[in-house]
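Chains as they are written, first to last, in the numbering used here: chain A, 1 to 440; chain B, 441 to 538.
Cβ atoms here follow ideal geometry from the backbone N, Cα and C, with glycine treated the same way.
Note that the structure is predicted; figures quoted are calculated from it, not measured.
See the structure below:
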């Protein structure tokens, strides 16, 4: 049955870090959607004399993609531009602003599109100029975001934008936000990932080299044109320059969207969020992708190099703080989500997520044996990299990090049972979701 | 020679791993993944081609140079694939995972 599924727009609290002037969320409090005149007044939509010059600035800035993989934007832009030149003439490439935020625990992309659509469109037209694109798309699932972008487009003349932009809306889904799913949908197929190679920078929309870039990344590109790479690097660390949008959920509190400088100590974020470190059991990092960190997270800084060093990741910077909930039960819910939400395409993924979800569910319910835990551990290793997209990797990250970061909790579940799960078992279809889904 | 395995197509017959075990590994359910980056050594050409030809679902293909030798024509308005999407009835509106 074709029921409409969408997110339920909510009023999200937005906050910034002291000493870090906001770049992406604008001055607070927000007074509704920023229109063309307001954005222009802030210096947006500056004429671009040379795409190559701006590409040089992007390179100097060290801007990393904000969609989760933290891939250097300059490398992606250069690859698409060069591949476009190779296949003929002046380009013929395509650019896609990816705003299909599949991570249930993240809300940053929807917030940007709903409130600052011009900043995203500004970044999109700059990217289009750099790679000499003749096609541009905004790819979303949130209807409010689509409306906001369409209104913004209606405020623009073709000279300011320089390229025609199509807005495409899909139904929300974890896999729909993957870059090859976006390309496949634009090409007329289902919004499901394809296997690699080729990647979109090689062959994407209509077989053309295609830049698929997260909307927060594009907003940063607009900031870069306006302020330059030196100003961009004033915040953040040398390897993770700039600010980032972080969706903080969990701890029994409503979600808050923060704009933070990379490298901020996690404890400072806790202070902003009003959580005592003593309450913290751990976190779920990068939405559902990068897995768990235990109380060791209190010693970390929020940047890519620190998180990678711990075998975790900042990802799309959706961080769920775990206080009272049992990590075993959280893992069981997240793995059950992957069992339901995978694309149903790769055998290793639909079998692997089902098997890991069953093992984790049995562990939560006190019905697992040590052999089940051994199997879960083995799957968390051998299934890595066996899917066409990163969904299976996300599931293996959750399973592996549960066993690695919370061995005592796992042992309790195997031996005498877990008091937390006995008293108030944690169960959620979309653990720590930033916005509720609505079935219409 | 370079090959690719499309894991969204693989149906877990396992023939590839029998023909060329150094190039294909199977998971617990018999689904294949490529070992390495798809580059095939000269001396392994024959068993890998057997794997490719014997795959019942044609999940393995030989890939050439990354760029097409004959470029596609430049995109024109009528070539825009998104322009042909029907918002209500298109497969992409419903044909996915949820």
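DSSP three-state assignment for residue 73 (chain A), whether helix, strand or coil: helix
Residue closest to residue 119 (chain A), alpha-carbon to alpha-carbon, out of A:62, A:25, A:240: A:25
Note down, in chain order, every chain B residue with its Cβ under 8 Å from the Cβ of residue 347 (chain A). 447, 450, 451, 452, 467, 469, 470, 471
Compute the Euclidean distance between the alpha carbons of residue 96 (chain A) and residue 415 (chain A), then round it to the nearest angstrom. 51 Å
Helix, strand or coil for residue 301 (chain A) per DSSP? Correct three-state label for residue 301 (chain A): strand.
Bridge partners for residue 265 (chain A) per DSSP, in chain order? Per DSSP, A:301.
Less than 9 Å separating the beta-carbons of residue 433 (chain A) and residue 173 (chain A)? no
Could you have a look at residue 42 (chain A) and say whether DSSP puts it in helix, strand or coil? coil
Quick one: is residue 503 (chain B) near chain A, going by C-beta distance under 9 Å? yes
Residue 503 (chain B), buried or exposed, once every other Cβ within 10 Å from all chains shown has been counted against 16: exposed
Verify the CB distance criterion: does residue 511 (chain B) have a CB-CB separation below 9 Å to chain A? For residue 511 (chain B), the pLDDT reaches just 48, beneath the cut-off of 50, and the residue's location in the model is therefore unreliable, although a value from the coordinates is still provided. In terms of beta-carbon proximity, residue 511 (chain B) lines the interface with chain A, with at least one pair separated by less than 9 Å.
Rounded C-alpha distance that separates residue 88 (chain A) from residue 299 (chain A): 51 Å
Going by other Cβ atoms of all chains shown within 10 Å of its Cβ, with 16 needed for buried, is residue 86 (chain A) buried or exposed? exposed
Along the chain, where does the alpha helix (DSSP H) that runs through residue 181 (chain A) open and close? 179-186
Contact list for residue 388 (chain A) against chain B, beta-carbon separation under 9 Å: 446, 447, 448
As assigned by DSSP and simplified to three states, the class of residue 133 (chain A): DSSP places residue 133 (chain A) within a strand segment (E or B) once states are collapsed to three.
With hydrogens ignored, establish whether the beta-carbon of residue 117 (chain A) is closer than 8 Å to any heavy atom of the ligand GTP. Within the structure as shown, the ligand GTP is missing, as the structure has no ligands at all.
Could you pull the DSSP bridge partners for residue 147 (chain A) from this structure? In DSSP, residue 147 (chain A) forms no bridge with anything.
Compute the distance between the beta-carbons of residue 129 (chain A) and residue 73 (chain A), then report whether it is under 9 Å. no
Is residue 343 (chain A) close to chain B? Criterion is C-beta to C-beta, closer than 9 Å. yes
Could you tell me how far apart the beta carbons of residue 114 (chain A) and residue 154 (chain A) are, in whole angstroms, since I believe they sit closer than 8 Å? Not really, about 16 Å apart at Cβ, beyond 8 Å.
Return the Cβ separation of residue 345 (chain A) and residue 448 (chain B) in integer angstroms, given the expectation that the two are a contact with Cβ distance under 8 Å. 4 Å
What three-state label does DSSP hand residue 243 (chain A) in the structure shown? strand
May I ask you to list the residues that DSSP assigns as paired with residue 310 (chain A)? Bridge partners of residue 310 (chain A): none, in fact.
Is it right to say residue 497 (chain B) is buried, meaning 16 or more other beta carbons lie within 10 angstroms of its own, or is it exposed? exposed
Compile a chain-ordered list of the residues in the segment 227-253 of chain A whose CB is closer than 9 Å to at least one CB of chain B. none
Going by Cα to Cα distance, which pick from A:56, A:136, A:131, A:134 is closest to residue 228 (chain A)? A:56
Rounded straight-line distance, which links the Cα of residue 349 (chain A) to that of residue 319 (chain A): Residue 349 (chain A) has its alpha-carbon roughly 24 Å from the corresponding atom of residue 319 (chain A).
Express the C-alpha separation of residue 278 (chain A) and residue 199 (chain A) in angstroms, rounding to a whole number. Approximately 45 Å between the Cα atoms of the pair.
Going by C-alpha distance, which of A:175, A:343, A:170 is nearest residue 188 (chain A)? A:170
Interface residues of chain B around residue 351 (chain A) at Cβ under 8 Å? 467, 468, 469, 471
With respect to the alpha helix (DSSP H) encompassing residue 232 (chain A), which residues constitute its N-terminal and C-terminal limits? Taken as a continuous stretch (DSSP letters only), the alpha helix (DSSP H) holding residue 232 (chain A) covers 215-232.
Measuring alpha carbon to alpha carbon, tell me which of A:140, A:177, A:175, A:144 ends up nearest residue 168 (chain A). A:140
Counting along the chain, where does the alpha helix (DSSP H) carrying residue 98 (chain A) start and finish? Looking at the DSSP string, residue 98 (chain A) is not in any alpha helix (DSSP H); the run it does join, the beta strand (DSSP E), is 93-98.
In this structure, what does DSSP give as the bridge partners for residue 318 (chain A)? A:247
According to DSSP, residues forming a beta bridge with residue 473 (chain B): B:465
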